[in-house]
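Working notes, structure below.
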Amino acid sequence: MVDPGIVAAVAIVYLLILFALAYWVDRRGQGERAINSSIVYTFSLAIYCTSWTFYGSVGLASKGGIAFLPIYLGPTLAFALGWLLLRKILRVSKANRITSLASLIASRFGKSSSLGALVTVVALVGSVPYLALQLKAVSTSFTVLTEGASRAASLASGSIVGDAGLWAAMLLTLFAMLFGSRSIQPGEHHYGMVAAVAFESMVKLLCLTAVGLFVGFGLFHGFGDLFRRAAAAPGLADLFRFQGASAHLNWIGLTAVSLMASLCLPRQFQVMVVENVNERHLDRAIWLFPLYLLAINLFVLPIALAGRMLLPAGADPDSMVLSLPLASGAPLLALLVFIGGLSASAGMVIVETAALSTMVSNDLVMPALLRYRHRQLAARADLIPLLLTIRRLAMVGVMGLGYVYMRYVGEAYPLVSIGLVSFVAVAQFFPVILFGLFWRRATRIGALAGIALGFLTWAHTMFLPAIAGSGLLPMSYLTDGPFGIAWLRPHALFGLDSLDPVVHALFWTMLLNCGAIVGLSLFTRQSAVERAQAALFVDVFGGAEAAQLWRRTAPLPDLRTLVGRFLGQKQAEAAFLDRARRRGLDPGGIEADAEMVLYAERLLAGAIGSASARVLVSSVVTEEPLGVDEVMRILDETSRLIEVNRELEEKSRALELAGAELRQANERLQELDRLKDDFVSTVNHELRTPLTSIRSFSEILRDNPQLDAGRRDEFYAIIIREAERLTRLINQMLDLAQIQSGQIATVIGPADLIDVIDDAVAATSRILLDKGVTVTVRAPAAPVRPVALADRDLLMQVLLNLLSNAVKFCPAGHGQVSISAAAPEPGWVEFAVADNGPGIAPELRDVVFERFRQIGSSQTGKPSGSGLGLTICRIVVRRLGGTIWVEGPAQGGALIRVRLPAATPAEDGSRLERAPQPAFAAPVQMPK
Amino acid sequence: MAVSVLIVDDDPNILMALRFLMEKEGYRVSLATDGDAALEAVAAHRPDIVILDVMLPRRTGIEVCAAIRADPGAAGVRIVMLTAKGMDRERSRGLRAGADLYITKPFATRDVLAQIRALAGEPAAGGGAG
Amino acid sequence: MTEEARRRDKLVGVSAAAALLFNPPLLDLFSGRSLFGLPSLYLYLFLAWGGTIAAMAVVVERWRRATARADGED
Numbered sequence: 018m019v020d021p022g023i024v025a026a027v028a029i030v031y032l033l034i035l036f037a038l039a040y041w042v043d044r045r046g047q048g049e050r051a052i053n054s055s056i057v058y059t060f061s062l063a064i065y066c067t068s069w070t071f072y073g074s075v076g077l078a079s080k081g082g083i084a085f086l087p088i089y090l091g092p093t094l095a096f097a098l099g100w101l102l103l104r105k106i107l108r109v110s111k112a113n114r115i116t117s118l119a120s121l122i123a124s125r126f127g128k129s130s131s132l133g134a135l136v137t138v139v140a141l142v143g144s145v146p147y148l149a150l151q152l153k154a155v156s157t158s159f160t161v162l163t164e165g166a167s168r169a170a171s172l173a174s175g176s177i178v179g180d181a182g183l184w185a186a187m188l189l190t191l192f193a194m195l196f197g198s199r200s201i202q203p204g205e206h207h208y209g210m211v212a213a214v215a216f217e218s219m220v221k222l223l224c225l226t227a228v229g230l231f232v233g234f235g236l237f238h239g240f241g242d243l244f245r246r247a248a249a250a251p252g253l254a255d256l257f258r259f260q261g262a263s264a265h266l267n268w269i270g271l272t273a274v275s276l277m278a279s280l281c282l283p284r285q286f287q288v289m290v291v292e293n294v295n296e297r298h299l300d301r302a303i304w305l306f307p308l309y310l311l312a313i314n315l316f317v318l319p320i321a322l323a324g325r326m327l328l329p330a331g332a333d334p335d336s337m338v339l340s341l342p343l344a345s346g347a348p349l350l351a352l353l354v355f356i357g358g359l360s361a362s363a364g365m366v367i368v369e370t371a372a373l374s375t376m377v378s379n380d381l382v383m384p385a386l387l388r389y390r391h392r393q394l395a396a397r398a399d400l401i402p403l404l405l406t407i408r409r410l411a412m413v414g415v416m417g418l419g420y421v422y423m424r425y426v427g428e429a430y431p432l433v434s435i436g437l438v439s440f441v442a443v444a445q446f447f448p449v450i451l452f453g454l455f456w457r458r459a460t461r462i463g464a465l466a467g468i469a470l471g472f473l474t475w476a477h478t479m480f481l482p483a484i485a486g487s488g489l490l491p492m493s494y495l496t497d498g499p500f501g502i503a504w505l506r507p508h509a510l511f512g513l514d515s516l517d518p519v520v521h522a523l524f525w526t527m528l529l530n531c532g533a534i535v536g537l538s539l540f541t542r543q544s545a546v547e548r549a550q551a552a553l554f555v556d557v558f559g560g561a562e563a564a565q566l567w568r569r570t571a572p573l574p575d576l577r578t579l580v581g582r583f584l585g586q587k588q589a590e591a592a593f594l595d596r597a598r599r600r601g602l603d604p605g606g607i608e609a610d611a612e613m614v615l616y617a618e619r620l621l622a623g624a625i626g627s628a629s630a631r632v633l634v635s636s637v638v639t640e641e642p643l644g645v646d647e648v649m650r651i652l653d654e655t656s657r658l659i660e661v662n663r664e665l666e667e668k669s670r671a672l673e674l675a676g677a678e679l680r681q682a683n684e685r686l687q688e689l690d691r692l693k694d695d696f697v698s699t700v701n702h703e704l705r706t707p708l709t710s711i712r713s714f715s716e717i718l719r720d721n722p723q724l725d726a727g728r729r730d731e732f733y734a735i736i737i738r739e740a741e742r743l744t745r746l747i748n749q750m751l752d753l754a755q756i757q758s759g760q761i762a763t764v765i766g767p768a769d770l771i772d773v774i775d776d777a778v779a780a781t782s783r784i785l786l787d788k789g790v791t792v793t794v795r796a797p798a799a800p801v802r803p804v805a806l807a808d809r810d811l812l813m814q815v816l817l818n819l820l821s822n823a824v825k826f827c828p829a830g831h832g833q834v835s836i837s838a839a840a841p842e843p844g845w846v847e848f849a850v851a852d853n854g855p856g857i858a859p860e861l862r863d864v865v866f867e868r869f870r871q872i873g874s875s876q877t878g879k880p881s882g883s884g885l886g887l888t889i890c891r892i893v894v895r896r897l898g899g900t901i902w903v904e905g906p907a908q909g910g911a912l913i914r915v916r917l918p919a920a921t922p923a924e925d926g927s928r929l930e931r932a933p934q935p936a937f938a939a940p941v942q943m944p945k
Numbered sequence: 145m146a147v148s149v150l151i152v153d154d155d156p157n158i159l160m161a162l163r164f165l166m167e168k169e170g171y172r173v174s175l176a177t178d179g180d181a182a183l184e185a186v187a188a189h190r191p192d193i194v195i196l197d198v199m200l201p202r203r204t205g206i207e208v209c210a211a212i213r214a215d216p217g218a219a220g221v222r223i224v225m226l227t228a229k230g231m232d233r234e235r236s237r238g239l240r241a242g243a244d245l246y247i248t249k250p251f252a253t254r255d256v257l258a259q260i261r262a263l264a265g266e267p268a269a270g271g272g273a274g
Numbered sequence: 026m027t028e029e030a031r032r033r034d035k036l037v038g039v040s041a042a043a044a045l046l047f048n049p050p051l052l053d054l055f056s057g058r059s060l061f062g063l064p065s066l067y068l069y070l071f072l073a074w075g076g077t078i079a080a081m082a083v084v085v086e087r088w089r090r091a092t093a094r095a096d097g098e099d
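Residue numbers (the numbering used here), protein chains in the order written: chain A, 18 to 945; chain B, 145 to 274; chain C, 26 to 99.
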């Protein structure tokens, strides 16, 4: 016996060494380098060998001989035959940043959160017996070591406080929490944990080998001696035999179940896939791992045989490894064995809880939170603490369940039996994974039904019977079937009572599981997401890329923030920057393309699982899921998009044109506005100037009554002239306004030009006299009589304006104005007004028709007049359908010519009869 | 010595009316009908007061005003701007150019006389020929 | 046929052989006998197991050397 204090101290020191190792690896910051070796990878895979192997195998071998071996031959076959499968799982998981078994399965079947949750529940329930097994082994070994094998049987009756299993559970949970959920990493790599686990695998192998060698050479004279004596010993001969249908079936069944379990155990998936840092490590592990299994089992049978021979008949078989050195007076070796067993348990418990906690948080709690507490979740910027808390609580919960199971159920069963319950449970994942990776048509419904049916069958045939065996359920459940239904008896389902319970359970679960997957997959349809994921998984080596089937975009900042909430903002930013740099994208880009979205989803999947990641990413992503058979629609849509794009381009071109036109129109309007301002300003000036003269002279006359008559007359004359000027101006402005607004009523008819000219000259005779201007009217020779088709009054106005304009520019006293009329070509008549004034410079000949363009204002002083006359002329002539222009006569002076439409002969026939009239001449001279 | 007044306007009637008014007041009157002539007259006679129309041929009244103000020799000249436009914008432009008074056409002759009288009575700021 | 496919087939062959070697009827042959003073069943199983592992090692290590040269790693 060893003092409990010493045992506890050694155990704690050993665990502290593990802590230190894991801590050191994590702290070095190059954890990946530390475990980047296929040897370390293999040793971490050896977590497969738990205290089941360490203590239980010997226990089983002591009763069943080689029956313990299928558990290790299965993984050997799995690694050889399953190389295809393993490599595929590894590749798929790395490509999609899958961090748990649940994520793998959920992801394959359309990132289904229900499937992920189901897998998690199954894994959780299925792992509880396995965890209980480890705790029981620690607890038992501690008791055996400190109190002797006889006390070990009464384990459950001991107080909880004194139970080493509880302390072990708490310590190991703490360890798992420290290294399995220290931080949230995108890849879920726990380098320190892997290093510690690999170290433990080494320790347990060394310890068991030490015991083997001690037994072989310390207790016997070599293994030949041991086997010879065993062969001679009574009751041991059976252990070397292998006979009977039951043994065959058990052998095959256990090989099969361990083959499947070695790939589907949560902790195996964790070390094999999640913690894998280099795919090539798997290559060597294919033979290194079976080699480890062989090595650790080499001495199992000799130790079992020695135990049977040397230990009392009633000794607990599962404690033989420990009891033998103790009974042989080698307490130090026993202590070493205890450490080895502790190693085996610790490694399993730590990794298993870490793996389960990842599943619980990523595939059970997060999806539930996302579904039911999305708003509260959205309000939290940093979700890392929440994730970690969920994981740590999950670890504590899982360990608690394991402990409870150990105390109330595990007591009654040997270690291997307890472990096999778990094996069959996790084996339920194998068909789904196999079909999922190799059969594209496997559907989500099939997977759900397969796992659910397998799980229920397992619960009925293995889990509940175990509980019934411990007294928590009535034994009648086992013996008579539930509710007394005999054909539902757990160990003889449908009357199949010829099989060992484990094989029986395996048979039914697999039958129903595979049947449901295949059957339902054949009769259900895959959604677009499922189809895309199926292609991605099945053709992982074909380079299938999901992004091709998805058109997803998202605002990059949103995406970065989202990822940052789970990974930390700095890490997220760095990851995105790195990705952008690698792809040669602008790191400051605003829009994330499909590839970037996929990258973000995988980053997130690494932290919280693929199903949750998908839900989260789709909250910021604009997504169009596309099935394979929708490709045609894509093509249609693409061509339609191109069409729309072209239309858009045309429209934008048209818009540009319209914009340019609008701009021009606006400029014209502004110009017009400016002209109007000028006009108003000029009119203002033109009105005020005569008013000023009139008022000034009126006031002068009023204030100076003593003025002489000459001056007075002069002033009066000015007042009258300016008043006339004012009147004229006002009339012309009214004319202009009326003509421009089209309010003036026109009566279009034949108008004899000569008649109109005569009338105009007569009307202006007074002014002509005043200014001493001679007017000559020249008409064409008879019988031509130019008759315009026009409104006579308007024509008259044009002539009056032209006349007064001509008179205005004539030199005072000897002005000469000549008016001529003609019919130069059919359909048109013309008249022209010429003067002998200064003339109009060629460059100004268009400008004179603009309002208030009084030429000469800057050259010869200001001429009198409104500046509106010619403007009115042009407007009227245009209204009448004619044109007006300035011609430069050869010898000075200005000539303004007007062309108008001619009246047809029928219309002016009556006037044609009229005799030509003599030209009117008014050679009147008036002194100024 | 009598106060000398230069009247600048392109309208002969207004010129005549102002001349009558100024002469009757006893001022020495000289006349100009465009901007250039106005500046020449200022240079030649150094009038005490210039009555300046804004709308002038060749050179606007504003320009003439600014030119007089820019000439240090003509520092004491008082400038009365006349305009037929009468808009505030014009008024402020004229005053900015350095006019002492701003009269809008048409004007009341008595007001103009009173204002010019007041202007002539003030001592010239720059000590001109007043 | 690619090198990888050849390797895959070899591994499949080895595992098929292993599955046959560990087959219950074959185990029956060694049941209850003794060889070199050791139980023949025990001896056979471990030899077959070791042989399988060795075969796998040969296939894998050859492959690793070939690809390591190609990849320029290790």
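Idealized CB from N, CA, C, for every residue including glycine.
8 Å Cβ cutoff met for residue i and residue j
| i | j | result |
| --- | --- | --- |
| G127 (chain A) | Q550 (chain A) | yes |
| I889 (chain A) | N818 (chain A) | yes |
| D244 (chain B) | D197 (chain B) | no |
| A777 (chain A) | L917 (chain A) | no |
| F196 (chain A) | M219 (chain A) | no |
| A838 (chain A) | I774 (chain A) | yes |
| T67 (chain A) | L310 (chain A) | no |
| L584 (chain A) | A624 (chain A) | yes |
| Y425 (chain A) | S345 (chain A) | no |
| V366 (chain A) | Q151 (chain A) | yes |
Exposed unless 16 or more other CB atoms sit within 10 angstroms - verdict on residue i
| i | result |
| --- | --- |
| V228 (chain A) | buried |
| L566 (chain A) | With a pLDDT of 49 at L566 (chain A), under the threshold of 50, the predicted position of this residue should be treated as unreliable, and no value is reported. |
| L679 (chain A) | exposed |
| N748 (chain A) | exposed |
| P935 (chain A) | For P935 (chain A), the predicted structure reports a pLDDT of 38, less than 50, and the residue's modelled location is therefore unreliable. The matter cannot be settled from this model. |
| D300 (chain A) | buried |
Nearest neighbour of residue i, chosen from the options [CA to CA]
| i | options | result |
| --- | --- | --- |
| A897 (chain A) | A:K587, A:P707, A:L812 and A:V790 | One detail in the question is off: residue 897 (chain A) reads as Leu in this sequence, not Ala. Measuring from the Cα of L897 (chain A), the nearest candidate turns out to be A:L812. |
| M479 (chain A) | A:E739, A:V142, A:G73 and A:H298 | A:V142 |
| L537 (chain A) | A:G512, A:A469, A:R599 and A:R582 | A:A469 |
| I737 (chain A) | A:I711, A:E716, A:V421 and A:D752 | A:I711 |
| F71 (chain A) | A:A464, A:T157 and A:V317 | A:V317 |
| E739 (chain A) | A:A262, A:D725 and A:S713 | A:S713 |
| R599 (chain A) | A:M613, A:A476 and A:S627 | A:M613 |
Item to check | the segment 250-257 of chain A / the segment 320-328 of chain A touching (three or more Cβ pairs under 8 Å) | outcome: yes
Checklist entry - Between the segment 180-189 of chain B and the segment 204-220 of chain B, do three or more beta carbon pairs fall short of 8 Å? => result yes
Checklist entry - Taking contact to mean at least 3 C-beta pairs separated by less than 8 Å, is the segment 369-379 of chain A in contact with the segment 229-244 of chain A? => result no
Item to check | Stretch pair the segment 83-103 of chain A + the segment 111-131 of chain A: three plus CB contacts closer than 8 Å | outcome: no
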